[in-house]
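**Q**
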Amino acid sequence: MHTTLDITNDHFCKQRSHIWASIEAHNSLAGRFRLPDKSTMSPALQSLHKDAYFAGYAPSVDLPANTELPSGWIDFWRTESVTVTIGLMYHPFYQIQKSDLPESAIPSQFAAKPSHPFMLEEDTLDITVLIGGSEVFVSGYGLWFAKNFVDNYFGMYNKVSDIDSYKAHTRLSRRMFGDVREAIELYRPLGLKMCIRVQNVRAHCLIHSVQTDGPVPDYCPVIYVEQSVLEVVRNLREMKIQVCTFGGAMFFERSRSFPSATEGFLTVDSLSFRGHALLSEDGISWDAGAIEYAWIVEVIIGNVVGKLHPTQAVMLFQFLETVHVMTNATDEELLVSERYDLCQHLNDIRTCSHSNLRLTDAAFRTQNCESADKLEYKLIRGGIDSVSLCLIEEQYAAELAIAPTRASVCNCHESSFCSSILLGILNVCESISGNLTQLNQFTDVNL
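Here this note's numbering is used: the sequence shown runs in plain steps of one and ends on residue 480.
1. Identify, in the order they occur along the chain, each residue of the same chain with its Cβ nearer than 6 angstroms to the Cβ of Leu225, setting aside the five sequence neighbours on each side.
2. Between the Cα of Glu259 and those of Ile164, Glu286, Val347, Ile329, spot the shortest distance and give me the residue it belongs to.
3. Taking C-alpha atoms, which residue in Val337, Val276, Leu299 lies nearest to Glu286?
4. Out of curiosity, what's the CA-to-CA distance linking Leu481 and Ser288?
5. Take Leu263 as the anchor and find which of Ile160, Tyr123, Leu341, Asp364 has the nearest alpha-carbon.
6. Looking at the structure shown, is Ser75 part of a helix, part of a strand, or coil, going by DSSP?
7. Can you list, in chain order, the residues of its chain whose CB lies under 7 angstroms from that of Cys253, leaving out five sequence neighbours each side?
8. What do you reckon, are the CB atoms on Asp418 and Asn361 nearer than 8 angstroms?
9. Please state the DSSP three-state secondary structure of Met34.
10. In this structure, does DSSP put Gly120 in helix, strand or coil?
11. Would you identify the three-state DSSP class for Tyr257, choosing helix, strand or coil?
12. Does Gln377 come out as helix, strand or coil in the three-state DSSP assignment?
13. Does the Cβ-Cβ distance between Val276 and Ser305 come in under 8 angstroms?
14. Considering only C-alpha positions, which residue in the set Thr393, Tyr410, Ile382 is nearest to Cys402?
15. Please list the terminal residues of the continuous alpha helix (DSSP H) segment that includes Asp406.
16. When you compare the region 349-364 with the region 434-447, are there three or more beta-carbon pairs, one atom per stretch, that lie closer than 8 angstroms?
17. Please identify the residue among Pro250, Ala327, Pro292 whose C-alpha is closest to the C-alpha of Ser313.
18. How would you write the range of the alpha helix (DSSP H) that Gln484 sits in, first residue to last?
19. Sort Gly308, Pro76, Phe178 by Cα distance to Met272 and report the nearest one.
20. How is the beta strand (DSSP E) around His309 delimited, first residue to last?
21. Candidates Phe397, Met359, Glu218: which alpha carbon is nearest Leu81's?
22. Assuming Thr112 and Ser167 are in contact, meaning their beta carbons sit under 8 angstroms apart, how far apart are those beta carbons, in whole angstroms?
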């Protein structure tokens, strides 16, 4: 591991400071997670990693196999190189000392203060992470871990009250924000640019390998990804998230119980997720920063092409079922306390001083303001460029072809303030044993 740190400090009381850091790690890197001894998911996950039959692609990596690791530790990611680059520009805060000079002698530029922190020049943070060729073991439990990590630090869990308020109404939320006692410079906003790039990924889709007529079980499906990129950009009043995957392919080895079956594959040339959040500081306390009033999501799937044997289709469904079970992990759910009742001004909805709506909720409790989640505009758009799937066995074959498909869901459709779905399918064709059935121009169906 090699670390480089550059801190420029060539001026006295300078207005801006810069910090640059670079961290490089090479050779035999692994990511592992450990399950508690009494975890309900530990037996299922240990059994899955033990029964899955796969072959590692990087024998030069000097790392132990999962069966050789200490009890409770499981590998989910291996790579040979990771490079992290961090650049930070910040404005130092200097405590103003009392002066013996009269106030008339103090220059005005030192006495004048902005009326809001967003009027200050923001600090900037740039993070770039480059991960080399990786080997990943996909079971779905890593997604559960990531989901809870996001909820812990960025999502739902930081919006709940204390554990004693479970199933009971609480008004502690009135003390969450509004206690502004520090100088305005300490509430200066931060602009973030983050890019995580992963190259040449080989992911083993872990399933319980079934013993076949051959000497060894069938191999688990393998996903190859040429490149995957995560980008996050946040400034004062908006945040953009983008996840793009290029050159994805899922490969199925030939089954040893069906010698006539060929290798199967399922490819997607591109897969992109884009999220755009709009933020506002109007009527929000300085220590709360900003509130999200709109969230737009777009998911675009490129051209999907596949050829599968029925046994390979069963393996695909087994993998999806495994990911679903491990991602939800209902046995691992813990008791979560009641969420804070926050309005659009980030105050208690029953004591907010900005409004006096006198609303009544489902529990027949009055509230002065509306919940921020109900007032937020949400739009979800999805699309598939094309689909061509073939299911082939010894005597029969089926093909499904779908032309570009688009779907859109929002909670404020045509100013009606109710959820609506817009679905458009240009063309659907299916062919079974040479007989062609075609459905044309099923477009723009408004539900």
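Beta carbons are placed, not taken as given, at the ideal position from N, Cα and C, and that holds for glycine. Note that this is a predicted model, so its numbers are computed, not measured.
**A** In this structure, then:
1. Within the sequence shown, residue 225 is the residue found at index 192, counting from 1. Exclusion of the five residues before and after Leu225 leaves Leu158, Arg267 as the residues of its chain whose Cβ lies within less than 6 angstroms of its Cβ.
2. The count along the sequence shown starts at 1 and reaches residue 259 at position 226. With distances taken between Cα atoms, Glu259 lies closest to Ile164.
3. Here residue 286 is taken as the residue at index 253 of the sequence shown, counted from 1. Taking the Cα of Glu286 as reference, the smallest distance to any Cα among Val337, Val276, Leu299 is reached at Leu299.
4. Residue 481 is absent from the structure shown; the chain starts at 34 and stops at 480.
5. One-based indexing of the sequence shown puts residue 263 at position 230. Measuring from the Cα of Leu263, the nearest candidate turns out to be Ile160.
6. Reading the sequence shown from its first residue, position 42 is the one you call residue 75. Ser75 falls in the helix class under three-state DSSP.
7. Indexing the sequence shown from 1 puts residue 253 at position 220. Beyond the five residues adjoining it in sequence on each side, Cys253 comes within less than 7 angstroms, by CB distance, of Ala85, Tyr86, Phe87, His237, Cys238, Leu239, Ile240, Ser242 in the same chain, given in chain order.
8. For the purposes of this step, residue 418 is identified with residue 385 of the sequence shown, where counting begins at 1. For the purposes of this step, residue 361 is identified with residue 328 of the sequence shown, where counting begins at 1. Asp418 is not a Cβ neighbour of Asn361, given a cutoff of 8 angstroms.
9. By 1-based counting over the sequence shown, the position of residue 34 is 1. In the displayed model, Met34 falls within coil according to three-state DSSP, outside both helix and strand.
10. Here residue 120 corresponds to residue number 87 of the sequence shown, with the count starting at 1. Here Gly120 sits in strand by DSSP.
11. Residue numbering aside, residue 257 sits at position 224 when the sequence shown is read from its first letter. Note: Tyr257 maps to strand in three-state DSSP.
12. One-based indexing of the sequence shown puts residue 377 at position 344. In the structure shown, Gln377 sits in coil (DSSP, three-state: anything other than H, G, I, E or B).
13. The sequence position of residue 276 within the sequence shown is 243, counting from 1. The sequence position of residue 305 within the sequence shown is 272, counting from 1. Taking 8 angstroms as the Cβ cut-off, Val276 and Ser305 qualify as a contacting pair.
14. As a first step, residue 402 must be located in the sequence shown, where it is residue number 369. Cα-wise, what sits closest to Cys402 is Ile382.
15. Within the sequence shown, the letter at position 373 stands for residue 406. Element bounds for Asp406: 405-408.
16. The region 349-364 vs the region 434-447: no contact.
17. The residue labelled residue 313 in the question sits at position 280 within the sequence shown. When only C-alpha atoms are compared, the closest one is Ala327.
18. Because the chain here runs from 34 to 480, residue 484 falls outside it and cannot be looked at.
19. Along the sequence shown, read from residue 1 onward, the residue named residue 272 stands at position 239. Ranking Gly308, Pro76, Phe178 by Cα distance to Met272 puts Gly308 first.
20. To locate residue 309, count along the sequence shown from 1; it is residue 276. 297-313 is the span of the beta strand (DSSP E), which, as asked, contains His309.
21. In the sequence shown, counting from the first residue as 1, residue 81 sits at position 48. Each of Phe397, Met359, Glu218 was checked against the Cα of Leu81, and the nearest Cα belongs to Met359.
22. One-based indexing of the sequence shown puts residue 112 at position 79. One-based indexing of the sequence shown puts residue 167 at position 134. Going by Cβ atoms, the distance from Thr112 to Ser167 rounds to 4 angstroms, so yes, they are a contact pair.
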